[in-house]
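Written out below as structure tokens is the structure these notes cover.
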Amino acid sequence: MVQPPALREGNKPVVNRETMNCEQVWKEVSNYLEGDIAPATRAAMDDHLLTCQRCRSVLEGSRNVIRLYRDERMSDVPAGFGRRLEKRISQSVRAQGRGWLTWLIPIAALALLAGGLRWENSWTKARQLRADRAHWVTKIPPDMKVVVSEGAKDFHVPGCEVIRNKDNLRTLTAREAIREGYVPCVKCMRKYLQTASNANAPPDLEVQAETDFEDDGKSPLR
Amino acid sequence: MAELNVVVDNPGSGTTPEQDLIAQVQRGHHGLFYELVRPYERRVYAAAMAILRNEADAEDVAQEAMLKALANIRQFRSEARFSTWLIQITVNEALMRRRRERAGMIEGIDDQRDQEGEYAPRDFADWREIPSESLERKEVRHKLAEALASLDRKYREVFILRDMEQLNIQETAEALGISVASVKTRLMRARLMLRDLLAGGWDGGWFSRLPFEKGTNPW
Numbered sequence: 001m002v003q004p005p006a007l008r009e010g011n012k013p014v015v016n017r018e019t020m021n022c023e024q025v026w027k028e029v030s031n032y033l034e035g036d037i038a039p040a041t042r043a044a045m046d047d048h049l050l051t052c053q054r055c056r057s058v059l060e061g062s063r064n065v066i067r068l069y070r071d072e073r074m075s076d077v078p079a080g081f082g083r084r085l086e087k088r089i090s091q092s093v094r095a096q097g098r099g100w101l102t103w104l105i106p107i108a109a110l111a112l113l114a115g116g117l118r119w120e121n122s123w124t125k126a127r128q129l130r131a132d133r134a135h136w137v138t139k140i141p142p143d144m145k146v147v148v149s150e151g152a153k154d155f156h157v158p159g160c161e162v163i164r165n166k167d168n169l170r171t172l173t174a175r176e177a178i179r180e181g182y183v184p185c186v187k188c189m190r191k192y193l194q195t196a197s198n199a200n201a202p203p204d205l206e207v208q209a210e211t212d213f214e215d216d217g218k219s220p221l222r
Numbered sequence: 001m002a003e004l005n006v007v008v009d010n011p012g013s014g015t016t017p018e019q020d021l022i023a024q025v026q027r028g029h030h031g032l033f034y035e036l037v038r039p040y041e042r043r044v045y046a047a048a049m050a051i052l053r054n055e056a057d058a059e060d061v062a063q064e065a066m067l068k069a070l071a072n073i074r075q076f077r078s079e080a081r082f083s084t085w086l087i088q089i090t091v092n093e094a095l096m097r098r099r100r101e102r103a104g105m106i107e108g109i110d111d112q113r114d115q116e117g118e119y120a121p122r123d124f125a126d127w128r129e130i131p132s133e134s135l136e137r138k139e140v141r142h143k144l145a146e147a148l149a150s151l152d153r154k155y156r157e158v159f160i161l162r163d164m165e166q167l168n169i170q171e172t173a174e175a176l177g178i179s180v181a182s183v184k185t186r187l188m189r190a191r192l193m194l195r196d197l198l199a200g201g202w203d204g205g206w207f208s209r210l211p212f213e214k215g216t217n218p219w
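Dropping the structure here:
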């Protein structure tokens, strides 16, 4: 059996355009305004609307309702709403910024610490101590002029009596000597540091001292 | 040439100013977010108000929704309308707020059912074109708001989201968690009821001071 056009054209309830009554039109008014209606139903409604003033009133009234309420003036906001919203957004954005800082500070601190450790590591490892029996001592000024001799393990204040191989001396700073793996001579360096300590010289370098010459284990360099 | 030194912050030709703003905010220029949402602040507030019906709650939820949108701005995809995305976030926030506040309360049974299309218009006054100037009058806006507020929640919410916020039927259904068929039914009833309420307003005289000819409806 061949279906009538209204059945084939859409999924909407089939409405006979010749007999569509007011109640049927009212049910479809909203869909009509949405454009969500089968062509056959629309055609039937159009036919009905041509002759029915009551239904035209319903359709036009509904259309006007939508138009009225869609107007932006219908969406009033309390006085100061925009200002308060802007302020709250700004506070949130600032808080986010602070949030980054809050994280950034410990991260930066960790980075510094890690960097410091690496530097410290590179400092100690690079110099490959020439003496096995060495331990940490402090208070040697890094720019102090010291002498080292070929084949020896320690560096000395110039003129130290225990310098070996005096024919082959080289002058350099304490920092350079330490970097090259030399360790301070406990004989001359003790004297120097005692003198410096008496003169309140600022201590500022940490190195290792060879203990070869120590007899009592109570070196002031320790 | 001086032009060569200008840093171009536009992600591509053919984008709208809004899309450019969105892209900038997505890249971390959060200071521009208020500029982006300012055109929609009324609609966001209205969406919250439609559900909560309390000015203080609606404002708070509107603000919360905006902040949530900012926090999730990278998830916004350009194929969606930004305004729709904002409204949907707002509706979600408002519904959650209402659920929290009404936790333990039992909704009226009648409120949960749709009366399938059973609504017959009561007023058949011939409405002409609405003079948009009428909306300049606070009194008229107040009466329209009153009429809307008098609708059952389920009709009011659908009407506001579809007809005022201009979400489409599918988006309205998703925002409210109801079926498309329910949206259509509720929308039909809401429109017809409002039409009747406003026609009654005409007869009751709240447009009577408008400068229309005697015996002529204002629209």
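Protein sequence lines, in the order shown, are assigned to chains C and H.
Note that our numbering has the first sequence beginning at 1, numbered continuously upward.
Note that our numbering has the second sequence beginning at 1, numbered continuously upward.
From the three backbone atoms N, C-alpha and C, an ideal C-beta is built for every residue, glycine too.
Proximal chain C residues relative to residue i, where beta-carbon distance stays under 8 Å
i, result
"H/F33", "I89 and V93"
"H/R141", "R73, M74 and D76"
"H/A135", "Checking the sequence, you will find Leu at residue 135 of chain H rather than Ala. Simply L68, D71, R73 and M74."
"H/N144", "The sequence given here has Leu at residue 144 of chain H, not Asn. Near H/L144 (Cβ distances below 8 Å), the residues of chain C are L68, Y69 and M74."
Nonlocal neighbours in the same chain, by C-beta distance under 6 Å from residue i, ignoring five residues either side
i, result
"H/V183", "V158, I169, T172 and A173"
"C/P220", "Low per-residue confidence applies at C/P220: pLDDT is 37, beneath 50, and the placement is therefore not dependable, though the value from the model is reported in the following sentence. Contacts found: R190."
"H/V140", "S134"
"C/L49", "C55 and R56"
"C/M20", "A44 and H48"
"H/E165", "R43, A47 and I87"
"H/M66", "V37"
"H/Q112", "Its pLDDT being 45, under 50, H/Q112 is placed unreliably in this model, and the value from its coordinates should be taken loosely. Around H/Q112: no qualifying Cβ."
"C/S92", "none"
"C/R175", "P142"
"C/V147", "H156, P158, L169 and T171"
"H/Y40", "S83 and L86"
Close-in-space but distant-in-sequence residues of the same chain around residue i (CB under 8 Å, 5 per side omitted)
i, result
"H/L36", "E18, L21, I22, V25 and F82"
"H/A175", "I87, Q88, V91, N92, L161 and L167"
"C/W26", "C55 and V58"
"C/S62", "V29, S30 and L33"
"C/F213", "Confidence in C/F213 is poor, its pLDDT being 40 and thus under 50, which makes the residue's placement too unreliable to answer from."
"H/E121", "Inspection of the sequence shows that residue 121 of chain H is occupied by Pro rather than by Glu. The answer, listed in chain order, is L192, R195 and D196."
"H/A147", "L194, L197, L198 and G201"
"H/R156", "A50, L148, A149 and A190"
"C/D76", "none"
Listed by chain order, chain C residues near residue i by CB distance under 9 Å
i, result
"H/Q26", "Here the premise fails: no neighbours, minimum Cβ distance about 14 Å."
"H/L161", "Per Cβ cutoff of 9 Å: no residues; H/L161 is ~12 Å from chain C at best."
"H/R38", "G82, L85 and E86"
"H/Q166", "R70"
Chain H residues whose Cβ lies nearer than 9 Å to that of residue i
i, result
"C/D154", "Neighbours of C/D154 on chain H: none; closest Cβ ~58 Å, over 9 Å."
"C/Y192", "What C/Y192 touches in chain H: nothing, since even the nearest Cβ is about 58 Å away."
7 Å Cβ shell around residue i - same chain, five flanking residues per side excluded
i, result
"H/F33", "V25 and L70"
"C/Y69", "none"
"H/S179", "A173"
"C/A152", "R164 and N165"
"C/N168", "S149 and E150"
"C/C160", "C185, K187 and C188"
"H/R102", "none"
"C/C52", "C22"
Cβ-heavy atom distance, residue i to the ligand FAD, below 7 Å
i, result
"H/E59", "Although the ligand FAD was asked about, the structure shown includes no ligands whatsoever."
Cross-chain neighbours of residue i in chain H, by beta carbon under 8 Å
i, result
"C/I227", "Missing from the structure shown is residue 227 of chain C; chain C here goes from 1 to 222 and no further."
"C/Q96", "H30"
"C/V58", "P121, F124, L192 and R195"
"C/E23", "A120"
Partners in chain C for residue i, counting only beta-carbon separations shorter than 7 Å
i, result
"H/R122", "The premise fails here: H/R122 is roughly 10 Å from chain C at the closest Cβ pair, so nothing lies under 7 Å."
"H/M66", "L85 and I89"
"H/Q223", "Given that chain H is displayed from residue 1 to residue 219, the structure contains no residue 223 of chain H and the question cannot be resolved."
Quick check on the DSSP output: what are the complete beta strand (DSSP E) runs of length 3 or more inside the stretch 34-103 of chain C, in order along the chain?
none
Give the residues from the stretch 173-205 of chain H that approach chain C closer than 8 Å (Cβ to any Cβ), ordered along the chain.
K184, L187, M188, R191, L192, L194, R195, L198 and A199
Going along the chain, which residues of the stretch 30-51 of chain C sit with their C-beta nearer than 8 Å to a C-beta in chain H?
S30, N31, L33, E34 and D36
Given a limit of 7 Å on CB to CB distance, which residues of the stretch 40-58 of chain H reach chain C?
E41, R42, R43, Y45, A46 and E55
Between the stretch 47-61 of chain H and the stretch 74-81 of chain H, do three or more beta carbon pairs fall short of 8 Å?
no
Which runs of the alpha helix (DSSP H) at least 4 residues long sit entirely within the stretch 166-200 of chain C? Give them in chain order.
174-179 and 186-198
Of all the residues that make up the stretch 68-83 of chain H, which are near chain C by a beta-carbon distance shorter than 9 Å?
L70 and A71
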